[in-house]
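Just so you know, the protein sequences line up as chains A and B, in that order. Going by my numbering, the letters in the first sequence line up with residues 1 to 173, in that order. Going by my numbering, the letters in the second sequence line up with residues 174 to 592, in that order.
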Amino acid sequence: MPEKKEKTTRRDFLYTASFTVGAVGLGATIWPFIDQMNPDKSVQALATTEVDISNIEPGKSITVLWRGKPVFLKRRTQDEIAEARAVSLEELKDPQKDEDRVKDGKDEWLVMLGVCTHLGCVPLADKGDYKGWFCPCHGSHYDVSGRIRKGPAPVNMEIPKYEFVDNNTIKIG
Amino acid sequence: MSEHEYQPKSKVGKWFNDRLPLLSLASHLTDYPTPKNLNYWWTFGGILTFCLVTQIITGIVLAMHYVAHADLAFSSVEHIMRDVNYGWLIRYIHSNGASMFFLAVYIHIFRSLFYGSYKSPREVIWIIGILIYLLMMAAAFMGYVLPWGQMSFWGATVITNLFSAIPLVGESITTWLWGAYSVDNPTLNRFFSLHYLIPFLILGLVVLHIWALHVPGNNNPVGIDIKKPSKDTVPFHPYITIKDLFALLMFMIIFSGFVFFAPNVLGHSDNYIPANPMVTPAHIVPEWYLLPFYAILRSVPDKLGGVILMFSAIFILLILPWLDTSKVRSSVFRPIYRQFFWILVIDVLLLGYMGAMPAEGIYLLLTRVGTIYYFLHFLVVLPVVGYLEKTDPLPVSISDPIITGGANVSFAKRNDKNI
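Now the structure itself:
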C-alpha cells in the first residue's frame, strides 16, 4: 500500500470508465444468448384453445392439450360438489375454497391443469384416497376439487385462465 | 511438468520439440514414476478414459443418423436400429456404454474413498473428479431424453421440474429450460445440442484431472508419501500400461456381454413407447446409476426439501477432503473407518434399490433411514472417527512390508514424514 493516498489520475478514470463500458457491453451481448431459450413466438402463438363441452355427461371428464400440457375438464355431479364443499379449510395443505376454483354459476365445471404440482406428472382420474386424482410418480392424492390432500405436492392443481365463450364452449388461455 | 530434461535424438525431433514440446510431454507420460504397489482398483482411470472415448466416437456416429425433432426422433432411433448398417451395434454400445461408464466411475470413486486418495495434497484432483461426475450425470440424463420415448419424456419432465421448487424464480427457470410451457420440441432440440457439447467439456476436465494427478503423483494402497523416482516406483510404460490394458480387456468382456446378450436389460421397456404428453407411465424410474439420489429425493415429504437434500448429497462430496480429519490416508491402517466405509457402500446400494421401489410403506421408511445415514457418514462419522481412531502403524516405505514380508512386517512409528 502506498504511504499517502494517491491522487486520482486521468488513468484511473479511463480504467474505471472502460471497465464499466466493457461490463455493460458484455452483459448486453450475453442477454440475447440467454433469452433465446425462452418460449419463442410460435410457441406463444399457441396460447389459447377452444373446447366444445356439449357432449360431456355429468360425472365424466375429458382431457385436452393446451400449451403442451393436459387440461382436465370435469363436469361434476351434485354429490361431488357437495363433497368438495363439505371439507373444512383446516384439513387442507393449501387452503382454498371449492367456490374459488370454479366460475360463479358454473359450479359443475372444474377446469384445471392436469399436472401434478410436485414434479409435473399427469395424475390419474378417480383414484387415490380422496376420490379425486392420484399421481403415480411420487404418490400425491388430490380431492374432487383438485386440491392437494396427501403426498409431496406443495399446492393444489393449477386453474388456468379460461372463460365460457357460450354454454357449450370453453376458451382456455 | 517433468523433472528430467528430455532431448529428442533426431535433429527434426529436436527442432520441433523446441517449438512445441509435445515429445517432452510424451516422454513425461511414458516415464511417469508410478508406485509399484498399485492394485487393480487403480486401473479404472484408464478404463474410464476408454469409456469416454467410446461414448464420443459412437455418439458422433449416431448423430449422423439421428433427427432431433419431437415428431421424428423416435422413428429415427428405430431407423438406426433397423436400417443403418451396424446401427443396432453402435447404438447398443452407446446406451450400454453409459452404464459401463457409471459402473467404472462408481468403482473409481469408492476406490478413492477407501484409500483416502481425496486427501491432501490431492484435493483438487478429487474436486475436478466430482465435477466430471456431475457433467456425466447431466450428459446421461440428456442422452436418455433423445429417443423421445415415454421414459425420456417423463424423465425430462420430472427432472426439469426439480428446478420449479426454487422459490420465486422456479417457474421462470423451468419455462426457460423448456423453451415452451412443457417439455416439447424446443426442449429436445437444446438437449441434443448440450448432449453433444458436454462430453467435450468432460474431456477438458479429464486433461486437468490427469494434470493435477501428475503434480503430486498417484496415491497407493499403503497411502504413504513416496519418493519419485525411487525403488518404490516403476515407469508408467510398460508396467502400468500393460496392467491397465489387461484390466480393460476384462472390463470389455463384461461390456460386450451386455451389448451382445442383454442390450436392454439395463433400460426400461416403457422407453419403446413413443412420448405421450397426455399419459404418465405408472412407474417412473431413472436409469440405475441415478437411483440412490432419486431415493433421497423421494424420502422427503416436501418438494423443496427433497430437491435440496438430493443436490446436497452430491455437493457434499466437494468438501469431503475437509470433512475427513484423519491424518492417515489408506483404510488399510484405519480399523474403525474401514468398517464405516463398508457400511456406506451397503447404504448407497440400499438407497439404489429403494429408488427403484415404490415410495411407500417399509420402502419409504428404509429410504429415510438410508438417507439419514448417508449424511451422518459424511457430517459426523468422518470428522469424529478421524479424530478419535487409533490407527495402525504405517510402514516406512512401500518396499518395506513387501521385502521383509510375512507376519513380521517391520513397522516404523508414525511420524510426520510418513503422513
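Glycine included, each C-beta is placed from N, C-alpha and C at the ideal position.
Provide the residue(s) that pair with L124 (chain A) in DSSP beta bridges, ordered along the chain. Numbered from its first residue, the first sequence carries residue 124 (chain A) at position 124. Beta-bridge pairing links L124 (chain A) to A:F134.
| D52 (chain A) in three-state terms, based on DSSP | Position 52 of the first sequence holds residue 52 (chain A). D52 (chain A): strand per DSSP, three-state reduction.
Neighbouring residues, chain A, relative to D475 (chain B) (Cβ below 9 Å) = Position 302 of the second sequence, counted from the first residue, corresponds to residue 475 (chain B). Residues of chain A passing the Cβ test: P152 and P154.
| Of the residues A:R67, A:I34 and A:W31, the one placed nearest P160 (chain A), counting alpha carbons only | Locating residue 160 (chain A) in the first sequence gives position 160, counting from the first residue. Nearest option by C-alpha distance: A:R67.
- Item | Alpha-carbon to alpha-carbon, I30 (chain A) and P136 (chain A) | Within the first sequence, the letter at position 136 stands for residue 136 (chain A). Within the first sequence, the letter at position 30 stands for residue 30 (chain A). Looking at the backbone, the Cα of P136 (chain A) and that of I30 (chain A) are separated by about 41 Å.
Exercise for the section: Compare the beta carbon distance of W321 (chain B) and A271 (chain B) with 8 Å and say whether it is the shorter of the two. Expected result: Residue 321 (chain B) sits at position 148 when you count from the first residue of the second sequence. Residue 271 (chain B) sits at position 98 when you count from the first residue of the second sequence. It is not a contact, given that the beta carbons lie outside the stated cut-off.
Measuring straight from C-alpha to C-alpha, what distance separates G343 (chain B) and F314 (chain B)?
The count along the second sequence starts at 1 and reaches residue 343 (chain B) at position 170. The count along the second sequence starts at 1 and reaches residue 314 (chain B) at position 141. Using only the alpha carbons, I get a separation of about 20 Å.
If we count the other Cβ atoms within 10 Å of its Cβ and call it buried at 16 or more, is W515 (chain B) buried or exposed? The residue you call residue 515 (chain B) lines up with position 342 of the second sequence. With fewer than 16 other Cβ atoms within 10 Å, it is exposed.
Quick check on K184 (chain B): buried or exposed, where buried means 16 or more other Cβ atoms within 10 Å of its Cβ? In the second sequence, residue 184 (chain B) corresponds to position 11, counting from 1. Exposed is the call here.
Self-check item: Best match in B:Y265, B:N437, B:I233 and B:L522 for proximity to F373 (chain B) [C-alpha to C-alpha]
Solution: Counted from its first residue, the second sequence places residue 373 (chain B) at position 200. Considering only alpha carbons, the answer is B:I233.
Inset, instruction - Mind the definition here: the stretch 267-282 of chain B touches the stretch 347-357 of chain B only if three or more C-beta pairs lie below 8 Å; say whether that holds. - result: no
Output, in chain order, the set of chain A residues within a Cβ distance shorter than 7 Å of V452 (chain B). To locate residue 452 (chain B), count along the second sequence from 1; it is residue 279. Simply V122.
For Y462 (chain B), write down the residues that DSSP places opposite it in a beta bridge.
Indexing the second sequence from 1 puts residue 462 (chain B) at position 289. DSSP, once it has assigned bridges, lists no residue as partnering Y462 (chain B).
Q. According to the Cβ coordinates, are V543 (chain B) and L517 (chain B) closer than 8 Å?
A. For the purposes of this step, residue 543 (chain B) is identified with residue 370 of the second sequence, where counting begins at 1. For the purposes of this step, residue 517 (chain B) is identified with residue 344 of the second sequence, where counting begins at 1. In the sequence as presented, Val is not what sits at residue 543 (chain B); that position holds Gly. Not in contact: G543 (chain B) and L517 (chain B) (Cβ atoms no closer than 8 Å).
*Against chain A: residues of the stretch 343-363 of chain B by CB proximity under 8 Å*: T348, W349, L350, W351, G352, A353, Y354, S355, V356, D357, P359 and R363
Kindly list, in the order they appear in chain B, the residues whose Cβ is closer than 8 Å to that of G146 (chain A).
Taking the first sequence and counting its residues from 1, one reaches residue 146 (chain A) at position 146. Those do not exist, as G146 (chain A) stays about 16 Å from chain B at its closest Cβ, beyond 8 Å.
Taking only beta-carbon positions, decide if W327 (chain B) is within less than 8 Å of chain A. By one-based count along the second sequence, residue 327 (chain B) stands at place 154. Chain A, which has a Cβ nearer than 8 Å to the Cβ of W327 (chain B), makes this yes.
Closer than 8 Å, CB to CB, is H281 (chain B) near chain A or not? Residue numbering aside, residue 281 (chain B) sits at position 108 when the second sequence is read from its first letter. False, the Cβ-Cβ gap to chain A never drops below 8 Å.
### Query
Is the distance from the Cβ of L235 (chain B) to the Cβ of R264 (chain B) below 8 Å?
Position 62 of the second sequence, counting from 1, holds the residue named residue 235 (chain B). Position 91 of the second sequence, counting from 1, holds the residue named residue 264 (chain B). Contact flag set, yes.
Q: Starting from K209 (chain B), trace the alpha helix (DSSP H) both ways and give me its first and last residue.
A: In the second sequence, residue 209 (chain B) corresponds to position 36, counting from 1. It is not in any alpha helix (DSSP H) - K209 (chain B) carries neither H nor E in the DSSP assignment.
Quick one: Cα of G440 (chain B) to Cα of G25 (chain A), how far? Taking the second sequence and counting its residues from 1, the one referred to as residue 440 (chain B) is at position 267. Taking the first sequence and counting its residues from 1, the one referred to as residue 25 (chain A) is at position 25. Their Cα atoms are separated by approximately 47 Å.
Rounded to whole angstroms, what is the Cα-Cα separation between G316 (chain B) and S42 (chain A)?
Here residue 316 (chain B) is taken as the residue at index 143 of the second sequence, counted from 1. Here residue 42 (chain A) is taken as the residue at index 42 of the first sequence, counted from 1. Approximately 26 Å, taken between the alpha carbons.
Supposed contact pair G528 (chain B) and P465 (chain B) - C-beta distance, whole angstroms, cut 8 Å = Locating residue 465 (chain B) in the second sequence gives position 292, where the first residue counts as 1. Locating residue 528 (chain B) in the second sequence gives position 355, where the first residue counts as 1. Indeed, because the Cβ distance is near 6 Å, the residues count as touching under 8 Å.
Stretch pair the stretch 381-395 of chain B + the stretch 557-565 of chain B: three plus CB contacts closer than 8 Å: Contact between the stretch 381-395 of chain B and the stretch 557-565 of chain B is absent, with fewer than three C-beta pairs closer than 8 Å.
- Message: Using only the alpha-carbon positions, how far apart do N358 (chain B) and F409 (chain B) sit?
- Response: Mapped onto the second sequence, residue 358 (chain B) falls at position 185. Mapped onto the second sequence, residue 409 (chain B) falls at position 236. Roughly 49 Å separates the two Cα atoms.
Q) Can you give the beta carbon distance from L113 (chain A) to E158 (chain A), rounded, assuming they're within the 8 Å contact cut? A) Numbered from its first residue, the first sequence carries residue 113 (chain A) at position 113. Numbered from its first residue, the first sequence carries residue 158 (chain A) at position 158. Yes, L113 (chain A) and E158 (chain A) are in contact; Cβ-Cβ is about 4 Å, under 8 Å.
When the cut-off is 8 Å and only beta carbons count, does H456 (chain B) lie next to chain A?
Your numbering for residue 456 (chain B) matches position 283 in the second sequence. True, the Cβ-Cβ gap to chain A drops below 8 Å.
Going along the chain, which residues of the stretch 21-35 of chain A sit with their C-beta nearer than 7 Å to a C-beta in chain B?
Look at the stretch 21-35 of chain A: it has no residue with a C-beta under 7 Å from a C-beta of chain B.
Hey, F424 (chain B) and I220 (chain B): beta-carbon distance below 8 Å or not? Along the second sequence, one-based indexing puts residue 424 (chain B) at 251. Along the second sequence, one-based indexing puts residue 220 (chain B) at 47. Cβ distance < 8 Å, so F424 (chain B) and I220 (chain B) count as in contact.
### Query
With A327 (chain B) and C121 (chain A) assumed to form a contact (beta carbons below 8 Å), what rounded beta-carbon distance in angstroms separates them?
Here residue 327 (chain B) refers to the residue found at position 154 of the second sequence. Here residue 121 (chain A) refers to the residue found at position 121 of the first sequence. For clarity, residue 327 (chain B) is Trp in the given sequence; the question names Ala instead. In this structure, W327 (chain B) and C121 (chain A) form a Cβ contact; the two beta carbons are roughly 7 Å apart against a cut-off of 8 Å.
Check your understanding: From which residue to which residue does the alpha helix (DSSP H) around H281 (chain B) run?
Key -> For this step, residue 281 (chain B) is matched to residue 108 along the second sequence. Counting along the chain, the alpha helix (DSSP H) containing H281 (chain B) begins and ends at G260 to Y288.
Which class does Y162 (chain A) belong to by DSSP, given the choice of helix, strand or coil? As a working note, residue 162 (chain A) is residue 162 in the first sequence. The answer is strand: DSSP assigns Y162 (chain A) an E or B state.
TODO: Sort B:I301, B:A199, B:S200 and B:K209 by Cα distance to I399 (chain B) and report the nearest one.
DONE: As a first step, residue 399 (chain B) must be located in the second sequence, where it is residue number 226. Of B:I301, B:A199, B:S200 and B:K209, the residue nearest in Cα terms is B:K209.
- Message: Within 8 Å, do at least three Cβ pairs link the stretch 134-153 of chain A to the stretch 164-171 of chain A?
- Response: no
**Request:** Could you please give the first and the last residue of the uninterrupted beta strand (DSSP E) stretch that includes T63 (chain A)?
**Result:** In the first sequence, counting from the first residue as 1, residue 63 (chain A) sits at position 63. Here the beta strand (DSSP E) through T63 (chain A) covers S61 to W66.
Note to self: In the DSSP assignment, the alpha helix (DSSP H) including W515 (chain B) goes from what residue to what residue?
What the structure shows: Working through the second sequence from its first residue, we reach residue 515 (chain B) at position 342. Its alpha helix (DSSP H) spans residues P508 to A529.
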